[in-house]
């Protein structure tokens, strides 16, 4: 390893007074390695620091001396000593390493489930803790106490340093479960007009059987029962009453619509993100009145670890407002997408038996009237008022 830093040369010496040259080299205590004599030539390896003295001895004895330098670390440094960009880059790397070793490069939040990282990072920012903050300026005990007071829902917070990372560990408050009033006396009534197809009663008295057609508000399961002696008991009626019922929905759209259409013009801007700084790497402004924006952030990595230095690439697409005339078929397809979204959001608790779609076109608009035949639970709780 030492030879890699010192540098070494392979020499080849030829001449009449060869052995006198060899003896003079040994007497001068020049370190020679792998030396041998072959066909009137003396070959050996010497350090770079001894090459000058070796040439002086060769000149005194009339020896022709040739040398070849091995590729070593010191050789590369000497060859590139005038390349100031490498020197400046090396200095910057060393300075960055020293700087990052004493500052917060990343903030790692652990233990939060319901509280978002953004909420905790915002509170830390108010405490002057962010990426780029020197570790020596952080009062851990005070910041831990302040963080619990600033963020609702935290019961404990702790911070410690791990290398260039600031680890923030939190424990959230365990909410007391809500008490459900499941024993309040109530009846089950029909929430809509329907034909009963299935009944299950867990508590209370069934008032209708399968096959009956009930109106909205009719009693399905009574929470008031009487025994043979005339004693009245109040219940929290429980049960499942499924019925077949009808429902309707309407979806309307205009045949001539104003929409945003891309013009084909695009623009790309880059920004250098250094800790909390956002430095533009471009000149001028984007003059698109209406535009779509897409951002891709590529962080710099060293040995697989992300640094707080990244390049944000913003892609802009210009749009203009234009009036677009749709055909009935195109608008029907768009409205049917709304129908499917409506069913996914509001009809998941029931079974769709039939769906009848009736389109109506009038005054430049198209309306889809959707008639459903559904099967599902029709029960609705209604509290029993007691004097």
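In my numbering, the protein residues as written are 31 to 417. Just so it is clear, CB atoms sit at the ideal spot from N, CA and C, and this is done for glycine as well. Computed from a predicted model, the values in this text were never measured in an experiment.
Between which two residues does the alpha helix (DSSP H) harbouring residue i extend?
| i | result |
| --- | --- |
| residue 171 | 170-180 |
| residue 376 | 358-376 |
| residue 52 | 48-57 |
| residue 83 | 81-90 |
| residue 148 | 147-156 |
Contact defined as beta carbons within less than 8 Å: I believe residue i pairs with residue j. What is the distance between those atoms, to the nearest angstrom?
| i | j | result |
| --- | --- | --- |
| residue 311 | residue 302 | 6 Å |
| residue 382 | residue 391 | Contact flag wrong, Cβ pair sits at about 25 Å. |
| residue 269 | residue 218 | 6 Å |
| residue 394 | residue 232 | Actually they do not touch by this definition, with Cβ atoms about 54 Å apart. |
| residue 97 | residue 41 | 5 Å |
| residue 316 | residue 346 | 6 Å |
| residue 184 | residue 200 | 6 Å |
| residue 51 | residue 91 | 4 Å |
| residue 414 | residue 215 | 4 Å |
| residue 409 | residue 271 | 5 Å |
CA-CA distance, residue i and residue j?
| i | j | result |
| --- | --- | --- |
| residue 308 | residue 342 | 9 Å |
| residue 70 | residue 47 | 10 Å |
| residue 279 | residue 399 | 6 Å |
| residue 32 | residue 77 | Only weak support is given to the placement of residue 32: the predicted model assigns it a pLDDT of 45, under 50, and the value that follows is read from those uncertain coordinates. Taking the straight line joining both Cα atoms gives about 11 Å. |
| residue 334 | residue 194 | 14 Å |
| residue 189 | residue 177 | 10 Å |
| residue 39 | residue 122 | 33 Å |
| residue 239 | residue 227 | 8 Å |
| residue 142 | residue 204 | 12 Å |
| residue 375 | residue 136 | 40 Å |
| residue 290 | residue 352 | 6 Å |
| residue 244 | residue 256 | 24 Å |
| residue 54 | residue 99 | 22 Å |
| residue 159 | residue 367 | 48 Å |
| residue 364 | residue 325 | 29 Å |
| residue 246 | residue 220 | 5 Å |
| residue 58 | residue 45 | 19 Å |
| residue 358 | residue 282 | 12 Å |
| residue 329 | residue 323 | 20 Å |
| residue 387 | residue 407 | 24 Å |
| residue 369 | residue 396 | 14 Å |
| residue 167 | residue 124 | 22 Å |
| residue 151 | residue 402 | 49 Å |
| residue 37 | residue 72 | 20 Å |
| residue 264 | residue 252 | 9 Å |
| residue 207 | residue 144 | 15 Å |
| residue 297 | residue 379 | 47 Å |
| residue 377 | residue 385 | 12 Å |
| residue 344 | residue 222 | 53 Å |
Pull the bridge partners of residue i from the DSSP assignment, please.
| i | result |
| --- | --- |
| residue 308 | 303 |
| residue 387 | 400 |
| residue 412 | 217 |
| residue 63 | 75 |
| residue 229 | 271 |
| residue 264 | 254 |
| residue 69 | In DSSP, residue 69 forms no bridge with anything. |
| residue 259 | Residue 259 pairs with nothing; no bridge assigned. |
| residue 236 | 251 |
| residue 382 | 404 |
| residue 392 | 395 |
| residue 289 | 352 |
Could you check where the beta strand (DSSP E) with residue i kicks off and where it finishes?
| i | result |
| --- | --- |
| residue 283 | 268-284 |
| residue 406 | 395-407 |
| residue 94 | 94-99 |
| residue 221 | Where residue 221 is concerned, there is no enclosing beta strand (DSSP E), given that its DSSP letter is neither H nor E. |
| residue 335 | 335-355 |
| residue 38 | 38-44 |
| residue 249 | 249-252 |
| residue 189 | 184-192 |
| residue 159 | Note, residue 159: premise wrong, no beta strand (DSSP E); not H, not E. |
| residue 202 | 195-202 |
| residue 328 | 320-332 |
| residue 167 | Per DSSP, residue 167 belongs to no beta strand (DSSP E) and is neither H nor E. |
| residue 317 | It is not in any beta strand (DSSP E) - residue 317 carries neither H nor E in the DSSP assignment. |
| residue 242 | Where residue 242 is concerned, there is no enclosing beta strand (DSSP E), given that its DSSP letter is neither H nor E. |
| residue 136 | 136-140 |
Got a sec: does the ligand GTP put a non-hydrogen atom nearer than 6 Å to the Cβ of residue i?
| i | result |
| --- | --- |
| residue 152 | Among the ligands in the structure shown, none appear at all, so the ligand GTP cannot be discussed. |
Output yes if chain B places a C-beta closer than 7 Å to the C-beta of residue i; else output no.
| i | result |
| --- | --- |
| residue 76 | Structure shown: chain B not included; a single protein chain is present. |
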